[in-house]
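This report concerns only the one structure given below.
There are 4 protein chains.
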Amino acid sequence: MLIVMKPQATEEDVRRVCRKIESMGYRPHPMPGAQRTAIGITGNPGPLEPAEFDTLPGVAEAIPVSKPYKLVSREVKNEDSVIRVKVGDSKDSFVTFGGRELAVIAGPCAIESREQAFAAAEKVRKAGALLFRGGAFKPRTSPYSFQGMGEEGLKILAEVRRQFGLAIVTETIDPENCDLVEQYADVLQVGARNMQNFSLLKRVGRSPKPVLLKRGMSATLEEFLMAAEYILSEGNYSVILCERGVRTFADHTRNTLDLSVIPAVRHLSHLPIIVDPSHGTGRRDKVTPLARAAVAAGADGLIVEVHADPDRALSDGYQSLFPDQFAELMAEIAAIAGVLGRTTAQSTTGVRGSGLGVRG
Amino acid sequence: MLIVMKPQATEEDVRRVCRKIESMGYRPHPMPGAQRTAIGITGNPGPLEPAEFDTLPGVAEAIPVSKPYKLVSREVKNEDSVIRVKVGDSKDSFVTFGGRELAVIAGPCAIESREQAFAAAEKVRKAGALLFRGGAFKPRTSPYSFQGMGEEGLKILAEVRRQFGLAIVTETIDPENCDLVEQYADVLQVGARNMQNFSLLKRVGRSPKPVLLKRGMSATLEEFLMAAEYILSEGNYSVILCERGVRTFADHTRNTLDLSVIPAVRHLSHLPIIVDPSHGTGRRDKVTPLARAAVAAGADGLIVEVHADPDRALSDGYQSLFPDQFAELMAEIAAIAGVLGRTTAQSTTGVRGSGLGVRG
Amino acid sequence: MLIVMKPQATEEDVRRVCRKIESMGYRPHPMPGAQRTAIGITGNPGPLEPAEFDTLPGVAEAIPVSKPYKLVSREVKNEDSVIRVKVGDSKDSFVTFGGRELAVIAGPCAIESREQAFAAAEKVRKAGALLFRGGAFKPRTSPYSFQGMGEEGLKILAEVRRQFGLAIVTETIDPENCDLVEQYADVLQVGARNMQNFSLLKRVGRSPKPVLLKRGMSATLEEFLMAAEYILSEGNYSVILCERGVRTFADHTRNTLDLSVIPAVRHLSHLPIIVDPSHGTGRRDKVTPLARAAVAAGADGLIVEVHADPDRALSDGYQSLFPDQFAELMAEIAAIAGVLGRTTAQSTTGVRGSGLGVRG
Amino acid sequence: MLIVMKPQATEEDVRRVCRKIESMGYRPHPMPGAQRTAIGITGNPGPLEPAEFDTLPGVAEAIPVSKPYKLVSREVKNEDSVIRVKVGDSKDSFVTFGGRELAVIAGPCAIESREQAFAAAEKVRKAGALLFRGGAFKPRTSPYSFQGMGEEGLKILAEVRRQFGLAIVTETIDPENCDLVEQYADVLQVGARNMQNFSLLKRVGRSPKPVLLKRGMSATLEEFLMAAEYILSEGNYSVILCERGVRTFADHTRNTLDLSVIPAVRHLSHLPIIVDPSHGTGRRDKVTPLARAAVAAGADGLIVEVHADPDRALSDGYQSLFPDQFAELMAEIAAIAGVLGRTTAQSTTGVRGSGLGVRG
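Residue numbers (the numbering used here), protein chains in the order written: chain L, 21 to 380; chain E, 21 to 380; chain V, 21 to 380; chain C, 21 to 380.
Following this line, the structure appears as C-alpha cells:
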C-alpha cells in the first residue's frame, strides 16, 4: 500500500497517517518529493483496505502496490533519488549520484600498502575522480588468497581522505565487520557475492552511510531491486546500485556486462545506478570501451580499478587501468556525458544537486 | 604441498612432520586414511621445497599441489570421506553420508508451528527418513516475506529430535546466528545464497557440527569446492556438498538441476554430495523423477521438502511433496540404490560406516 | 482450434469435419486415438468460432487452443505417441520409442570407414542395441575439421543394417541433403544446431521417415516443442525428441544436461523423449552416470556414442564409450528400467507396441 | 600456415607461392594489405613445414597458425577490413563497414506491404540511414506465425532501392533460397538461428554479395568467428559481424546484449562488427540507450528496427522505433561517434573508405 499525499498536505497530515499506520502494527516510510510526499507501508502481511487511509485529511490516494518491491519503486517515489556523499573532510563539499553529474569512483582493487594507496590516489585525484575505492577486507574465492589488510587498510584509507580530499568507498563483508568499516568509509560497499546476504543488508540498512550495492552474479533485476529494498526497509534510503557483469556461457570476458539493466532500473526505480567495467569485463583492454558504453547507456557513474603499477598488484591487476589510461577515459566519458546533457563531477566544493535531480 | 606418509609410519612420525610444518609458520592438516596418513599444509604463501619433508622419517612422498583446492581434493585424501551424523538423542546411533548407504533428509521448507513440524516429522520418519529438515531462519528474496520463527523454531526442532529420533538439519544465516543454531542443529546448513559468504564459511568451519553446503546458483565446480575448502581450512572436515540447481535461461523449472556435478565432484573430491530436487526443480511433479535420477547418477543422498499439507505452507509449498508421494519416492530410490550396490539407511542404531566408505 | 470427435463418430463424420476445415482454407490434422479421434487445425490466422464445428455430426467439442503448440500437445492428443522404427531389413521387426520399452541407439560419432563402422556395430549389437548411430554428414564448428564421408558413409550404414540387423539413425544437414539421406536412414536426425533451421524442419516434416529432433543448445522448452510442431504441421507425426545438454556457465562438462525437461515434456506433449548423455556431458566418465539418471528420470531411450577404439576416433572420441563400458551400461539401465516398470528392447522380431503405449 | 610476403614482393612472387600451395593439394588465399600481401592456406590436414615456403622468392616469413580461425584473424590480415556496399542503383556510390564511418541499417522487421515499406523507407532515408532492412523470408519460432511475403517482398525491396537510393539488407534462410535472395539483396543477412547452418554459410561464401552474419543466441566468440571463417574459406571475404544479444537467465530484456564482444572481436579479427539493439533488447525503450552504448563501445554500425506504425506491425512491433525516435537516435550517435573520432555515413556519392580503414 502506498499513500500519496496532496500537494497542500501539512506536516501534521503526514504525521497523522504515519501514526495510523503504526497503530495498525506496520511501519510507515514517509518519502518527501518535490511536489508532494508519499508514504510507503511495510510489515503488512497482506493487502490493506484503501478506505482506511484515503478518508484521512491530506491524503490524495491510497494505492495498492502489487510489485514485490515498494520503497525502491517509482510508484512510491517518482523523482530520481540523488545520493549525496561527503567529499574529503570539509563540511559543505560533496559529490552526488543520480543527478546531472556523473560520479566516478577509482582506485586499486585492494589496499596493499600506504605507498601503493597514495600513489593511486594521487593519480586518480589528478585525473578528476572525487571518490576513492580500495578494499581492506576482500572476499576471495580461495581461503589461501590475500584477504586484505583489515583495519590497517582502513586507516590508510582515512589518510587518503585527509591527504587528497577523496571520499572513501570500501567493502564491508559481514554485520560485525560493518561496525568497524562504517567508522572509516564514506560509502559502504556490499559486494556481488553478498547481494543476498540478508543479515548484512539489514545491517547496512541501519547505517547512516550511503551504500553501494553490487548486483549478484546471477541476480535477476527483481532480485537486485529486492536486495536494495532490504536496505531501504531498514531506513537507509541512500542506496547506489551497481551493475558489474553477470555470469553467462560467454568466455571472452570474465563476466558479461549487462548494460540493458540501466534503462530497466531507471524505468522501475528512483535509485541511481552506476557500472563497474573492471569486474564487468575482467580485462584491462575492455574496460575503457565498456566504460564509455555505460555512460552512453545512461549510467549515473562508474567504479573503475586503477593501480599505479597494475602488474605488481596483489589482486586483479590484469583488470586495473594504468593511470594514463584512466586520465584518457575521464576525458572520453566527459565528452559522452555532454552528448546526454550531463557532466562529470570535477570540483569538490559548493552545493551540488538539488535533491531532485534531472537526468538527460 | 601434501605429505604422504608410509603405511608403516608411526604416530610419532606424523607428529614430527606436523611440528616441522608449524615451526615454519604454516598449518598442518593430518588426515588419517585406511592405508596411510596424508598431511596437508595450508597457510604457505607459495610453493614449498619437497626436500624439506621427504627426508624425514616415515615420509613416503612430498607432492607439490597445483590445484587451488587442497584439503577437499582426492590428491590430499584418496578415500571417500564418510560423514557421521548422530541420530536422535541416543549415543551410538547415527547415519552416514558418503558410505554405501544413502542418507535422506526430509521435512518442510520452514518450521511454521509445533503442530506442522510434528505432522511432517511423523510422516517422514514413518517413510524411513532419519534426518529432518526445516528452516527456523529463512533467507528470503523479499524483506516482507516470512523470515522464519527464529529460536522458537529451533526449539520445535529440538522437540522433533526427542520425539521422533530424527537428526536435525537447519540453516544458519550469519556468523552471529551460528552461535545460536549450532546449539540445536545436528547438521548446519549453509544456503545457496551464502555459498560465498566467507565470514559464515569460516564460522561453520570452527563448529564441531557437520555442515551441509549448498552450491550457489551460479557457482562453478571450482568455486563450490573452494567454498568447502574454506570450511575444511578452519578445521571442520565434515562437509556434505549439495547440488540444488543452477541458474540458466531455461524457464520450465525454477533452476536447472546439474546432475553431472555428481561424477565431477566424485572425481576431484573425497567429500560426499547429495541432491536437493525440491529447490532444484521448484515444482512438485518434477521432484520424484529428478530424485530418482540423482540417486542413479550416484548421489550420496537427498534432501527433499515434504509437508503434511503443502497447499497451506507459508513458503514454497508448491514444491513440497505430499507424504504419500514421499513414501513412494523412498521405495523407488531404495530399488535404484540396489542397482548401484547401495542401500538406503533405514534403522537408527548400530555402528554404521567404517570411516572408509566404499561406493558402488 | 481442436475438434474432439465423439467415441462413436464414424469415419465419414471425421471426413466431413476435415472437408469443412479445408473449405475455410485451413489444414485439418486428424489424429486417431484409442478412444476417439481429435482433429487439429492449422493455418488459421487467428481464433476460430467453435460454433462452426460443434454443431456438425459426431463432434463432441471444439476447443480453442491457447498454447502456441498444437499438434505436439496433450490437449490435441492425450495418449503417449509410440513411434515405430523398422529394424534391419525384415518386415515385421521393429523397435518403439514412447512405449514401455526403452530404445537405445548406439554407435560412433562419425562413420570413418567400413571397418570402423562394422567393429562398432558388432559390439553394440552384441550388447543389445537395436539402433545404430553414425554421422555421414557432420556439422562441424570449423570448416577445416572432418566433415564426414558423405554418401560413401551412408552406403556403409546400409551395409551395417543388412549385416547386423540394426536400424540406422543418421543426421541430415539441409533440405537438399535430406533427399539423399532419407534413402538410407531409418530415422532422420536433426542436430542441435539445426533445431531452428526451419527449412530443414519443413523438409523432414514431408519425409515418411521418423525424425530424431535434438534440442538446441539454448532452446527453451517452448522453442523445442515448436520446432517439433513444424515437423508435425507438415504431416510427419513420428518425432522423437532428444535432450542433449544446454549451454550454461558451468565448465566441468561441455554442456549441462537438463534432465528436468523429461517430466516437463511428458506433461505437455505426447511425443517420446530420449537423452544423449555423450554430447550432454562431453566426457566419457560422466556418460554412464548420466545415462542411468536419464532412465531413472523417465526417458524413453538413449543415444550413446560407442567406438571400438575411441582414442583413434576422428571426432569426439573422448566422449565415446569403450564397448565394455557400453555393455555394462546396458545392464545397469535394464535394471533401472525395471524399477520403473519398463524394459529395454532386446529382441528384433514380433509386433511390439500397441500404438497406445503405457508408461511407468 | 600463413605466408607473409615482403613489401617489395612482385605479383609473380605471390602467384608462385599460390601455385606451390595448389600443387600440394591445398587452397591459397592471397589477401593484399596496405604494406604487403599475406597468403593463407586452408585444406591442409595438419601443420606444414615452414621451410617449404620461406625459401621462395619474395617470402618474408611462413608462420604456423595455431588458432582455429585463420582467414578471419588479425594474424592473417592485420589491417581492418573495410566492406563496401553499393548504395542505390548508381555505380560509384557506396557505404562502408569497418572504416571511419559508422553504417546504419534501418527499417521494419518484416516487409508487410509496398505501402508499409515505402513509409518506413522514406522516414529512415530522411533521418540519414543509407541501408534498408526488411525481411521477405522470416524464420519464426512458430509454423503458424507470418513467415514473410517471399519473392513479393523482395520485389518491394527492389523498388525501395530504386525509389529511395537505399542499399537493401535482407535475410536468406537456406541454400536454395539464397539463389533467389541474392538477386535482390545488396547484403545477405544470415540470422542468429542459422549462425551454425553450415550449408547456408558455405552457400553465402560463394556469393558475390557481402554477408551480414548475426551471432547465435548462445555462440561463444570462437564459434562466431568460426562461422565467419566458413564464409571466408569459400572465397567471400566481405563479412560483417553483428552482435544481437545472447541468451542468459536475465529476464528484463529478451536477450542480453554483450557489448564486450566488440573490443574482443576487434582484438582477434579484422572484420567489422555492428550491433542490433532491437533484437538485442526486445523492447523499444531500451533500443536507444543501447544503440548509443554500442557506438561508444566501438561498434562499426547499427541495424535498427524502425516502423512507420509499430503498433500495427505483423512481427516484433514492440521493439521497433517510431520514426521520430530514430531521427533522434541518429543525432545522438553522430555526436558520440564524434567523440571517438568517427562519423556517421551521411552522403551517398564519392569514393569513401580507402580499403584500409582507420578506426578511432
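Even glycine gets a Cβ: it sits at the ideal position worked out from N, Cα and C.
When 7 Å is used as the limit between beta carbons, E/Thr268 is near these residues of chain C: Phe269, in chain order.
Per the coordinates, the alpha-carbon of E/Arg182 lies some 10 Å from the alpha-carbon of E/Ile188.
Excluding residues up to 5 positions away in sequence, Asp194 and Pro195 lie with their Cβ nearer than 8 Å to the Cβ of E/Ser219 in the same chain.
For the 8 Å CB-CB criterion, V/Gly337 and V/Asp331 form a contact.
When DSSP states are grouped into helix, strand and coil, C/Ile188 belongs to the strand group.
Contact with chain C is absent for V/Phe244, since none of that chain's Cβ atoms lies less than 8 Å from the residue's Cβ. Checking the DSSP bridge columns, you'll see V/His49 partnered with V/Gly60. C/Leu22 has its alpha-carbon roughly 16 Å from the corresponding atom of C/Gly45. Distance from the CA of C/Asp74 to the CA of C/Val37, rounded to the nearest whole angstrom, comes to 10 Å.
In this structure, DSSP gives E/Glu42 a helical state, which the three-state scheme calls helix. Closer than 8 Å at the C-beta level to chain V, one finds these residues of the region 305-319 of chain E: Asp305, Lys306, Pro309, Leu310, Arg312, Ala313, Ala314, Val315, Ala316, Ala317 and Gly318.
The residue from V/Thr301, V/Lys222, V/Gln55 and V/Pro128 with its alpha-carbon nearest to that of V/Ile176 is V/Pro128.
Take the alpha-carbon of E/Glu325 and the one of C/Phe346: they are about 52 Å apart. In chain order, Ala270 and Thr276 make up the part of chain E whose C-beta sits under 7 Å from the C-beta of V/Asp278.
Judged by beta-carbon spacing, V/Glu191 lies beyond the 8 Å limit of V/Ser227, meaning their Cβ atoms are not closer than that value. For E/Val105, the enclosing beta strand (DSSP E) covers residues Ile103 to Lys106. Counting C-beta pairs closer than 8 Å gives three or more between the region 56-66 of chain E and the region 28-35 of chain E, which meets the contact rule.
At a cut-off of 8 Å between beta-carbon atoms, C/His299 makes no contact with chain L. Below the 7 Å Cβ cutoff, chain E contributes Phe269 as neighbours of V/Ser238, in chain order. The DSSP assignment places 151-153 as complete runs of the beta strand (DSSP E) inside the region 150-182 of chain V, in order along the chain (cut-off: 3 residues). The alpha carbon of L/Leu310 has as its nearest neighbour, out of L/Met25, L/Thr273 and L/Gly155, the alpha carbon of L/Thr273.
Look at V/Leu291 here: in three-state DSSP terms it is coil, with no helix or strand label. Looking at C/Pro88, C/Lys143 and C/Ile41, the one whose alpha-carbon comes closest to that of C/Phe342 is C/Lys143. In terms of beta-carbon proximity, V/Pro88 stays away from the interface with chain E, with every pair separated by 8 Å or more. By the neighbour-count definition (other C-beta atoms within 10 Å, threshold 16), L/Asp112 is an exposed residue. Within the region 317-349 of chain V, the complete beta strand (DSSP E) runs of at least 3 residues fall at 321-325. Proximity of E/Asp199 to chain L, defined by a Cβ-Cβ separation below 8 Å, is not satisfied. Within the same chain, Cβ atoms closer than 8 Å to the Cβ of C/Lys106 are found at Ser113, Phe114, Ala187 and Asp206, the five residues on either side in sequence being excluded. DSSP places E/Phe114 inside the beta strand (DSSP E), whose first and last residues are Phe114 to Phe117. For the region 210-236 of chain L, the set of residues with a beta-carbon nearer than 7 Å to any beta-carbon of chain E comprises Arg213, Asn214, Gln216, Asn217, Phe218 and Ser219, in chain order. By the neighbour-count criterion, in which a residue is buried when 16 or more other Cβ atoms sit within 10 angstroms of its Cβ, E/Ser340 is buried. For V/Ala140, the enclosing alpha helix (DSSP H) starts and ends at Arg134 to Lys146. C/Met246 carries a helical assignment under DSSP once its states are collapsed to helix, strand and coil. Around the beta carbon of L/His327, a 10 Å sphere encloses 16 or more other beta carbons of the protein chains shown; the residue is thus reported as buried. For C/Glu202, the enclosing alpha helix (DSSP H) stretches over residues Pro195 to Tyr204. Around L/Asp194, the beta-carbon contacts reaching into chain E at under 7 Å are Asp194, Pro195 and Ser219.
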